[in-house]
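If you're matching positions, the sequence shown starts at 5 in the numbering used here and goes up one per residue.
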Amino acid sequence: MLSKTGSIKKHRRSIVLVGAGDVARRIVAQHPNAPQRWIGLSRTDESASTLRPLGILPIPGDLDVRRSLQRTANIARACRMLIYLAPPPNEGADDPRMRRWIAARSTPQSRSPKVRSTPRANRSLHRSANKPRCVYISTTGVYGDRAGERVNETSALIATSARSKRRVIAERLLRANKSEHVSILRAPGIYSLERLPIARLRAGTPALAESDDVFTNHIHADDLAHAAWLALFRAKPRRVMNIVDDAELKMGEYFDQVAEATGLPKPPRLPRLLLQREVSPMLYSFMSESRRIDNARMKRDLRIKLRYPTPSTLLGTVRASDALQRKLL
């Protein structure tokens, strides 16, 4: 509940969702009886009206307008848990949205209460335990093209696309903020029943020939939402985790599986040089990076059991249900 001063009453823990889109709403839906209060940053009155029925208390704020975030600074500071899902802008070499949010949320560190005869190490642990927790949803695109090699969280960041470079900047900004426990979740292509590449298949957009095809990685939106929730409570401070499923599919294989499940024609295959002329620059950039992402740390640290360990888990239900196929098509 908001008080007259715009602060949050402290009798109930609150979780702020910055970027209250599909994945954020799945987090809330998965925990209808959670004792926490959900608060979502809302850019417009229209978006605010869609959050309230979901159990999310909207607070006004636009990551592109510094003044609007300053007005929500007190609310942000009072919250001990935050999941940041908002993407960087579509242009530029920086993430000014992240910079504005950190500036709005940051506050001078107060002195920790003195405890008589407490060793320095224990005082440090006490301060660490009291820090707010922040989970940031980033992208596996920060690893760049690895020619199909396997990468893990210790691999160097060699982002090549502009959008991935902006994510690298955002990660660095968060990790430099010492006032929070930051956990970074790197997610690949997110899919769900509503996010299957149906329009692409219906349009006959080509895929790469098998000899040129690239490894691609996936995570179901429900599993990403569950991982973000678990990270609030189980992730180690300043820890990076890859949130990916167990599949090792090439991009064309994935499109073929979706086509088979929905009864649509499989995409035509073209060699790379010909395909580049047929697809948009953004789509081609996705087709220019190949990597296999290791998820061992995710399973170990979060102790998560994926509901959709591979895309075929979902696609099998589509294939078996005429009703689902009609809904998609």
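Heads up, the beta-carbon is just placed ideally off N, CA and C, and yes, glycines get one too.
Counting the other CB atoms within 10 Å of its CB gives Val-218 a total of 16 or more, which places it among the buried residues. Asn-246 and Thr-321 do not touch by the CB rule: their CB atoms are close to 26 Å apart, not below 8 Å. Contact between the region 236 to 243 and the region 183 to 190 is present: three or more C-beta pairs spanning the two stretches fall below 8 Å. Arg-204 carries a helical assignment under DSSP once its states are collapsed to helix, strand and coil. In the three-state DSSP reduction, Gly-320 falls in the helix class (H, G or I).
Closest option to Ala-166, judged by alpha-carbon separation, among Glu-153, Gly-152, Tyr-147 and Thr-158: Tyr-147. With at least 16 other beta carbons inside 10 angstroms of its own, Thr-266 counts as buried. Counted as a single uninterrupted DSSP element, the beta strand (DSSP E) harbouring Thr-143 occupies residues 137 to 143. When C-beta atoms of the region 86 to 96 are compared with those of the region 161 to 175, three or more pairs fall below 8 Å, so the two segments count as touching. Its chain contains Val-32, Pro-36 and Trp-42 as the residues whose beta carbon lies nearer than 8 Å to that of Gly-59, once the 5 sequence neighbours on both sides are disregarded; these appear in chain order. Taking the C-beta atoms as reference points, Leu-200 is found nearer than 8 Å to Leu-332. Secondary structure at Pro-210: coil, using DSSP grouped into helix, strand and coil. Scanning Lys-182, Ala-211 and Arg-154 for the CA closest to the CA of Arg-281 turns up Ala-211.
At a Cβ-Cβ threshold of 8 Å, Val-22 and Trp-105 count as neighbours. Shortest Cα-Cα distance from Met-302 to any of Ala-231, Val-262 and Thr-317 involves Ala-231. Comparing C-alpha distances from Tyr-288 to each of Thr-164, Asn-134 and Arg-30 shows the shortest one belongs to Thr-164. Distance check between Leu-279 and each of Lys-309, Gly-44 and Gly-256 places Gly-256 closest, using alpha-carbon atoms only. Where Pro-100 is concerned, the enclosing alpha helix (DSSP H) starts and stops at 100 to 109.
Among the bridge pairs identified by DSSP, His-224 is matched with Tyr-195.
In the DSSP assignment, Asn-78 forms no beta bridge with any residue. For Leu-61, there is no enclosing alpha helix (DSSP H); the residue is found in the beta strand (DSSP E) stretching over 60 to 64. Secondary structure of Leu-89 (DSSP, three-state): coil. Cβ atoms of Arg-137 and Leu-236 come within 8 Å of each other, at about 6 Å. Ser-292 and Asp-149 have their alpha carbons spaced roughly 7 Å apart. DSSP places Leu-287 in the helix class (H, G or I) of the three-state scheme. Assignment of Gly-44 by DSSP, reduced to helix, strand and coil, places it in the strand class.
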